[in-house]
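In this note's numbering, the protein residues as written are 48 to 203.
All remarks here apply to the structure that follows.
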Ligand code: FEO
């Protein structure tokens, strides 16, 4: 079983995205935010699966998606500040990736009342794919630059 397959858990009792130590950047503030983001994504997915047919369904799905997307935006902002402060050379490309993701999420949040459960689950899978690829690969690119910057800042 490869890393990606091992992280997909599709039962109602388990997390959709299983936090994996390989996600870690070694930068505590970033790692805490990533873990929280994964938990929020799981909350959204669990509500999609477990509350179908209830009066609260749309409200819960909307609220958990909204919380997840807002937290992602806050995390991106903090990450981007650190990338700018440390002069990370891949900043523009990384920010573009954040912006494209935010736009897709905002569109889905805006239309959540009109989309079917199947479409919402498809979107949850997109969230999983994106978070997996971004945290496990793209975010890793800034680690040396940010760590050096944070170490220098701490030693001043
Ligand atoms: Fe941790 Fe680039 O998001």
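Note that CB positions come from ideal geometry on N, CA and C, so glycine has one too.
Keep in mind the model is a prediction, meaning the values are calculated, not measured.
Between the CA atoms of residue j and residue i - distance to the nearest angstrom
i, j, result
"residue 191", "residue 105", "42 Å"
"residue 97", "residue 203", "51 Å"
"residue 62", "residue 173", "15 Å"
"residue 134", "residue 102", "50 Å"
"residue 152", "residue 77", "21 Å"
"residue 206", "residue 99", "Shown here, the chain extends from 48 to 203; a query on residue 206 therefore has no answer."
"residue 51", "residue 198", "With a pLDDT of only 42 at residue 51, under the threshold of 50, the placement of this residue in the model should not be trusted; the figure read from the coordinates follows. Answer to the nearest angstrom: the Cα atoms are 32 Å apart."
Contact under 9 Å by Cβ, residue i with residue j
i, j, result
"residue 181", "residue 148", "yes"
"residue 169", "residue 74", "no"
"residue 66", "residue 79", "no"
Residue i beta carbon near the ligand FEO (any heavy atom closer than 8 Å)
i, result
"residue 133", "no"
"residue 126", "yes"
"residue 28", "Only positions 48 to 203 of the chain appear in this structure, which leaves residue 28 out of reach."
"residue 173", "no"
"residue 63", "no"
"residue 182", "yes"
"residue 196", "no"
"residue 123", "yes"
"residue 168", "no"
"residue 179", "no"
"residue 190", "no"
"residue 185", "yes"
"residue 144", "yes"
Below-9 Å beta-carbon distance, residue i vs any chain B residue
i, result
"residue 179", "Within the model displayed, chain B is absent; a lone protein chain is all it includes."
8 Å contact criterion, which residue i and residue j should meet: CB distance rounded
i, j, result
"residue 91", "residue 132", "The Cβ separation is near 31 Å, so there is no contact."
"residue 142", "residue 127", "6 Å"
"residue 118", "residue 95", "Their Cβ separation, rounded to whole angstroms, is 17 Å, which puts residue 118 and residue 95 out of contact at 8 Å."
"residue 64", "residue 179", "7 Å"
"residue 159", "residue 108", "7 Å"
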